[in-house]
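Peer 1:
Number of protein chains: 2
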Amino acid sequence: MLRKDYLLDRWVVIATSRKRRPTDFVKKPVETKAKVCPLCPGRERMTPPAVLLYKISDGRLVKEKDSDGFRHKDWLVRCVPNLYPAFTPPTRDDVRRKRGLSEAWGHHEVLIESPNHDEHPGNARVSQLIHVVNAYIDRLKTLSAKPYVEYVSIFRNHGVDAGASLSHAHSQIIAMPFVPTTVKAELKASRISYRKNGGCVFCDIIERERRSERFIWENQSFVVFAPWASVHPLEFWIFPKKHVSTPAKMRKKEVEAFAKTLRICLGALKTLVNNPAYNYGFHIAPAKDAEAKKYYHWHLEVYPKLAIWAGFEKSTGVYINTVPPEDSAEELRKAAVKEEKKLG
Amino acid sequence: MLRKDYLLDRWVVIATSRKRRPTDFVKKPVETKAKVCPLCPGRERMTPPAVLLYKISDGRLVKEKDSDGFRHKDWLVRCVPNLYPAFTPPTRDDVRRKRGLSEAWGHHEVLIESPNHDEHPGNARVSQLIHVVNAYIDRLKTLSAKPYVEYVSIFRNHGVDAGASLSHAHSQIIAMPFVPTTVKAELKASRISYRKNGGCVFCDIIERERRSERFIWENQSFVVFAPWASVHPLEFWIFPKKHVSTPAKMRKKEVEAFAKTLRICLGALKTLVNNPAYNYGFHIAPAKDAEAKKYYHWHLEVYPKLAIWAGFEKSTGVYINTVPPEDSAEELRKAAVKEEKKLG
Chain A
1 MLRKDYLLDR
11 WVVIATSRKR
21 RPTDFVKKPV
31 ETKAKVCPLC
41 PGRERMTPPA
51 VLLYKISDGR
61 LVKEKDSDGF
71 RHKDWLVRCV
81 PNLYPAFTPP
91 TRDDVRRKRG
101 LSEAWGHHEV
111 LIESPNHDEH
121 PGNARVSQLI
131 HVVNAYIDRL
141 KTLSAKPYVE
151 YVSIFRNHGV
161 DAGASLSHAH
171 SQIIAMPFVP
181 TTVKAELKAS
191 RISYRKNGGC
201 VFCDIIERER
211 RSERFIWENQ
221 SFVVFAPWAS
231 VHPLEFWIFP
241 KKHVSTPAKM
251 RKKEVEAFAK
261 TLRICLGALK
271 TLVNNPAYNY
281 GFHIAPAKDA
291 EAKKYYHWHL
301 EVYPKLAIWA
311 GFEKSTGVYI
321 NTVPPEDSAE
331 ELRKAAVKEE
341 KKLG
Chain B
345 MLRKDYLLDR
355 WVVIATSRKR
365 RPTDFVKKPV
375 ETKAKVCPLC
385 PGRERMTPPA
395 VLLYKISDGR
405 LVKEKDSDGF
415 RHKDWLVRCV
425 PNLYPAFTPP
435 TRDDVRRKRG
445 LSEAWGHHEV
455 LIESPNHDEH
465 PGNARVSQLI
475 HVVNAYIDRL
485 KTLSAKPYVE
495 YVSIFRNHGV
505 DAGASLSHAH
515 SQIIAMPFVP
525 TTVKAELKAS
535 RISYRKNGGC
545 VFCDIIERER
555 RSERFIWENQ
565 SFVVFAPWAS
575 VHPLEFWIFP
585 KKHVSTPAKM
595 RKKEVEAFAK
605 TLRICLGALK
615 TLVNNPAYNY
625 GFHIAPAKDA
635 EAKKYYHWHL
645 EVYPKLAIWA
655 GFEKSTGVYI
665 NTVPPEDSAE
675 ELRKAAVKEE
685 KKLG
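In the order they appear, the protein sequences are chains A and B.
Under the numbering used here, the residues of the first sequence are numbered 1 to 344, in order.
Under the numbering used here, the residues of the second sequence are numbered 345 to 688, in order.
What follows is the structure, encoded as structure tokens:
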């Protein structure tokens, strides 16, 4: 069966001839070699100074920074520049000369999500994930405000197969000088729909999928479903129910609800297929695009790494998924209920 | 440094902070388990009947087919339906009811490239690769002529990391009912350029890259270079020098020249980084698009699998490549010269 993404010109063949169940993908996780972890507490000198960290001081949560000569201890989360950045800030001279798009101006940061090496979202304390989400928001706001930044990408690579070179729980944040291809295409399609129909196309999608076989989980603020044209087995998307284009203005209650959603859905994925590798990425309206507020709806897309994109996918831009999203949703739905019970 | 593809809205960050050389990617190849190989001679009953095979009969090369009850032996190459097809032919009833795009109508075939399990293009006899190329062309012509086929994708997955589930030398052929995203975008961009400038934009690219630092190898009929916005370390593209939109009409001399180009360049890649996994895919003008002949230029894109697309790439559609294509070309250029000498 052929399916097209809600908005993108992205086609997926749902190929069921192998009759694979989502749980057929269980395999032994690849272990990274036990090396000295540069992200663990006590090794703060192995990273550049933190641009942001949270810690408890006099019984209160405070935000701090390291300096060249000083590293804070006893942090809860810690955000440091990537030692091998894909994007780097312009010098003053660069900005003056305005060399524009040919240079990869921006920032590339690593958010250390916990002092505990293995406290990943699938098994973390919700209280810890609240710090992670708040740190995402803090960096999103700070980086978006820089004059040479047009987009901030927040993403997570989990497991060797999904490109994580360090096993300590961490996310990455890239601030970049242009709006990336996928988000640009989503913005364009949702703008066209808004001008034609007057509403947010994502709000319609959410309402439809909530009541479909692809529904997975929801709470007061968020809804989770397997997308109609899922590219990956067990892929799921998390949307805020309220129409809002960026997570930058989430309230305390919403941050808690989002942290709990992450915990339950990534916990369900972890339980279901034995801690698989996965990637996730936020899709957010660019802070400097005032009009996008009306028609863009921020969300998080989670891509389990259970299959390999091979010659067909790479040369055609068309994808083959051997598991129907309805089957993925059914398994994740059951697993999410169990996770919620475990959490209490 | 930021680079955009010649035609596609595809951006790549050439991120050199890790200072990686192409040869840093050498690793131990992943071995597939030694199982009974269903593609080896003597096991023809393990596959569906061949839709095409070449064999020598009375001293002449002949084209044959298997039937349900009969399998030919002593074949040179053999093309069989994939046991787990992503695309399947419509029934007569389907065609009558014309259910159109929602069904994945088409064909999915496996081309067994040699009776010798390990005769991959990087180490094959050129005489054997000539059979492979001729079989590609035969299937391309036959499948393109079917009324429900709009595009034929010919691709190869080499190595477990690149998605090859069988280690016997083989390619895959998918006939599909629509022109895939990437080719559609290339067609659109080259059509716009043709209408504006009157020539083939690929002919211009070839001429420019032949004289650039990204040049790798050429013979009388083909030129090989690392593309300006290479997505992968050691990526290279093979173009016919002559303006031609499809390989379907290659002459004998050109088939030989193409087989030799494959052998030398894939041999160079193999030697350089210890038989890495890779994918390749043909880009061909759709047979039913008469106008595309004027502005489309067929080619083969080879993607070594030396890095992992992670959360950033998957959620933004923007790529990070840690090796500049100029460095990749330099290494491949030297290795190709050595391969050519070895071949004699």
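From the three backbone atoms N, C-alpha and C, an ideal C-beta is built for every residue, glycine too.
Between the beta-carbon of Glu453 of chain B and the beta-carbon of Arg483 of chain B, is there less than 9 Å?
Peer 2: As a first step, residue 453 of chain B is located in the second sequence; it is residue number 109 there, counting from the start. As a first step, residue 483 of chain B is located in the second sequence; it is residue number 139 there, counting from the start. Yes, the Cβ-Cβ distance between Glu453 of chain B and Arg483 of chain B is below 9 Å.
Peer 1: On the DSSP bridge assignment, give the partners of Ala519 of chain B in chain order.
Peer 2: Here residue 519 of chain B corresponds to residue number 175 of the second sequence, with the count starting at 1. Per DSSP, B:His451 and B:Val496.
Peer 1: Do you know offhand how far Asn619 of chain B's Cα is from Lys604 of chain B's?
Peer 2: For this step, residue 619 of chain B is matched to residue 275 along the second sequence. For this step, residue 604 of chain B is matched to residue 260 along the second sequence. Approximately 18 Å between the Cα atoms of the pair.
Peer 1: Does the beta-carbon distance from Arg18 of chain A to Tyr428 of chain B come in below 9 Å?
Peer 2: By 1-based counting over the first sequence, the position of residue 18 of chain A is 18. By 1-based counting over the second sequence, the position of residue 428 of chain B is 84. A contact, by the Cβ cut-off of 9 Å.
Peer 1: Using a beta-carbon distance cut-off of less than 7 Å, what residues from the stretch 103-130 of chain A approach chain B?
Peer 2: Per Cβ criterion, the list reads Glu103 and Ala104.
Peer 1: Measuring alpha carbon to alpha carbon, tell me which residue in A:Asp327, A:Ala257, A:Pro89 and A:Tyr280 is nearest Ser127 of chain A.
Peer 2: On the first sequence, position 127 is the one that residue 127 of chain A refers to. Measuring from the Cα of Ser127 of chain A, the nearest candidate turns out to be A:Ala257.
Peer 1: Using a 10 Å radius around the Cβ and a threshold of 16 neighbouring Cβ atoms, would you call Asn197 of chain A buried or exposed?
Peer 2: By 1-based counting over the first sequence, the position of residue 197 of chain A is 197. Exposed, by the Cβ-count rule.
Peer 1: Could you give the distance in angstroms between the alpha-carbon of Thr246 of chain A and the alpha-carbon of Lys184 of chain A?
Peer 2: Within the first sequence, the letter at position 246 stands for residue 246 of chain A. Within the first sequence, the letter at position 184 stands for residue 184 of chain A. So the two alpha carbons sit approximately 15 Å from each other.
Peer 1: Following the continuous beta strand (DSSP E) through Arg422 of chain B, name the residue where it begins and the one where it ends.
Peer 2: Here residue 422 of chain B corresponds to residue number 78 of the second sequence, with the count starting at 1. Its beta strand (DSSP E) spans residues Trp419 to Pro425.
Peer 1: Bridge partners of Trp642 of chain B, per DSSP?
Peer 2: Residue mapping note: residue 642 of chain B aligns to position 298 of the second sequence, counting from 1. Paired residue(s): none; Trp642 of chain B is not in a bridge.
Peer 1: Taking Pro669 of chain B as part of the alpha helix (DSSP H), name the residues at either end of that continuous run.
Peer 2: The residue you call residue 669 of chain B lines up with position 325 of the second sequence. Start and end: Pro669 to Leu687.
Peer 1: Rounded to whole angstroms, what is the Cα-Cα separation between Ala292 of chain A and Asp353 of chain B?
Peer 2: On the first sequence, position 292 is the one that residue 292 of chain A refers to. On the second sequence, position 9 is the one that residue 353 of chain B refers to. So the alpha carbons of these two residues sit roughly 21 Å apart.
Peer 1: Tell me whether Lys586 of chain B sits in a helix, a strand or coil according to DSSP, three-state version.
Peer 2: Numbered from its first residue, the second sequence carries residue 586 of chain B at position 242. DSSP places Lys586 of chain B in coil when its eight states are reduced to three.
Peer 1: Return the first residue and the last residue of the alpha helix (DSSP H) that Val133 of chain A is part of.
Peer 2: Residue mapping note: residue 133 of chain A aligns to position 133 of the first sequence, counting from 1. Taken as a continuous stretch (DSSP letters only), the alpha helix (DSSP H) holding Val133 of chain A covers Val126 to Ser144.
Peer 1: Is Ser537 of chain B close to chain A, meaning its C-beta is less than 9 Å from at least one C-beta of that chain?
Peer 2: As a first step, residue 537 of chain B is located in the second sequence; it is residue number 193 there, counting from the start. No - not a single Cβ of chain A is within 9 Å of the one on Ser537 of chain B.
Peer 1: Kindly say whether Phe656 of chain B, judged by its beta-carbon, lies nearer than 9 Å to any beta-carbon of chain A.
Peer 2: Here residue 656 of chain B is taken as the residue at index 312 of the second sequence, counted from 1. Taking Cβ atoms only, chain A reaches closer than 9 Å to Phe656 of chain B, which makes this a yes.
Peer 1: Just to confirm before moving on: does the CB-CB distance between Ala86 of chain A and Ala359 of chain B stay below 9 Å?
Peer 2: Looking up residue 86 of chain A in the first sequence gives position 86. Looking up residue 359 of chain B in the second sequence gives position 15. Result yes, Cβ atoms of Ala86 of chain A and Ala359 of chain B sit closer than 9 Å.
Peer 1: As a quick exercise: from A:His170, A:His297, A:Ala164 and A:Asp68, pick the residue whose alpha carbon is nearest that of Val77 of chain A.
Peer 2: Numbered from 1 along the first sequence, position 77 holds the residue referred to as residue 77 of chain A. The option with the nearest alpha carbon to Val77 of chain A is A:His170.
Peer 1: So that I know if they touch, is there some Cβ in chain B lying closer than 9 Å to that of Lys28 of chain A?
Peer 2: Within the first sequence, residue 28 of chain A is the residue found at index 28, counting from 1. By this cut-off, Lys28 of chain A is not an interface position.
Peer 1: Is Ile320 of chain A close to chain B, meaning its C-beta is less than 9 Å from at least one C-beta of that chain?
Peer 2: Sequence index remark: in the first sequence, residue 320 of chain A carries index 320 (1-based). Ile320 of chain A counts as touching chain B.
Peer 1: Let me check one thing: in DSSP terms, what residues is Asn665 of chain B bridge-paired to?
Peer 2: Mapped onto the second sequence, residue 665 of chain B falls at position 321. DSSP, once it has assigned bridges, lists B:Ile358 as partnering Asn665 of chain B.
Peer 1: Could you compute how far the alpha carbon of Asp327 of chain A sits from the alpha carbon of Val160 of chain A?
Peer 2: Against the first sequence, residue 327 of chain A aligns to sequence position 327. Against the first sequence, residue 160 of chain A aligns to sequence position 160. Distance between the alpha carbons of Asp327 of chain A and Val160 of chain A: 26 Å.
Peer 1: In whole angstroms, give me the CA-to-CA distance for Glu64 of chain A and Val51 of chain A.
Peer 2: For the purposes of this step, residue 64 of chain A is taken as residue 64 along the first sequence, with counting starting at 1. For the purposes of this step, residue 51 of chain A is taken as residue 51 along the first sequence, with counting starting at 1. So the two alpha carbons sit approximately 8 Å from each other.
Peer 1: Report the neighbours of Asp353 of chain B on chain A: residues whose CB is nearer than 9 Å to its CB, in chain order.
Peer 2: Locating residue 353 of chain B in the second sequence gives position 9, where the first residue counts as 1. What Asp353 of chain B touches in chain A: Thr181, Lys184 and Ala185.
Peer 1: Who are the near neighbours of Ala336 of chain A in its chain, counting only those whose CB is closer than 7 Å to its CB and skipping five residues on each side?
Peer 2: In the first sequence, residue 336 of chain A corresponds to position 336, counting from 1. If we look at Ala336 of chain A and ignore the five residues flanking it on each side, its Cβ neighbours are Ile216, Trp217, Ile264, Cys265 and Ala268.
Peer 1: Does the beta carbon of Pro429 of chain B sit closer than 9 Å to a beta carbon anywhere in chain A?
Peer 2: Sequence index remark: in the second sequence, residue 429 of chain B carries index 85 (1-based). At least one chain A Cβ lies under 9 Å of Pro429 of chain B.
Peer 1: Using the C-alpha atoms, what's the distance from Arg214 of chain A back to Ala329 of chain A?
Peer 2: Within the first sequence, residue 329 of chain A is the residue found at index 329, counting from 1. Within the first sequence, residue 214 of chain A is the residue found at index 214, counting from 1. One C-alpha to the other measures close to 5 Å.
Peer 1: By Cβ distance, which residues of its chain are closer than 7 Å to Ile474 of chain B, with the 5 residues on each side in sequence left out?
Peer 2: The count along the second sequence starts at 1 and reaches residue 474 of chain B at position 130. The answer, listed in chain order, is Val599, Glu600 and Ala603.
Peer 1: If you follow the alpha helix (DSSP H) that Asn618 of chain B is part of, which residue opens it and which one closes it?
Peer 2: Taking the first residue of the second sequence as position 1, residue 618 of chain B is located at position 274. Taken as a continuous stretch (DSSP letters only), Asn618 of chain B belongs to no alpha helix (DSSP H), as it is neither H nor E.
Peer 1: Please work out which residues of its chain come closer than 7 Å, Cβ to Cβ, to Ala479 of chain B, disregarding the five sequence neighbours upstream and downstream, and give them in chain order.
Peer 2: Walking along the second sequence from the start, residue 479 of chain B turns up at place 135. Counting only Cβ-Cβ distances below 7 Å, and skipping sequence neighbours, we find Leu396, Tyr398, Val421, Cys423 and Leu455.
Peer 1: Kindly indicate if chain B contains any beta-carbon less than 9 Å away from that of Asn134 of chain A.
Peer 2: Locating residue 134 of chain A in the first sequence gives position 134, where the first residue counts as 1. It does not; no Cβ of chain B falls within 9 Å.
Peer 1: Taking 8 Å as the limit between beta carbons, can you name the residues of its chain near Lys649 of chain B, skipping five residues before and five after?
Peer 2: The residue you call residue 649 of chain B lines up with position 305 of the second sequence. Same-chain partners within the cutoff: Gly503, Asp505, Ala506, His576, Pro620, Ala621, Tyr622 and Asn623.
Peer 1: Give the residues of chain A in contact with Phe602 of chain B, contact being defined as C-beta atoms less than 8 Å apart.
Peer 2: Counting from 1 along the second sequence, the entry for residue 602 of chain B is found at position 258. None at all; the shortest Cβ gap to chain A is about 17 Å.
Peer 1: Would you mind sorting Asp410 of chain B into buried or exposed? The rule is 16 or more other CB atoms within 10 Å of its CB.
Peer 2: Walking along the second sequence from the start, residue 410 of chain B turns up at place 66. Classification for Asp410 of chain B: buried.
Peer 1: Measure the alpha-carbon distance for Lys73 of chain A versus Pro147 of chain A and round it to whole angstroms.
Peer 2: Translated into the one-based positions of the first sequence, residue 73 of chain A becomes position 73. Translated into the one-based positions of the first sequence, residue 147 of chain A becomes position 147. Whole-angstrom Cα-Cα distance: 32 Å.
Peer 1: So for Thr47 of chain A, helix, strand or coil by DSSP?
Peer 2: Position 47 of the first sequence, counted from the first residue, corresponds to residue 47 of chain A. Of the three classes helix, strand and coil, the one that applies to Thr47 of chain A here is coil, per DSSP.
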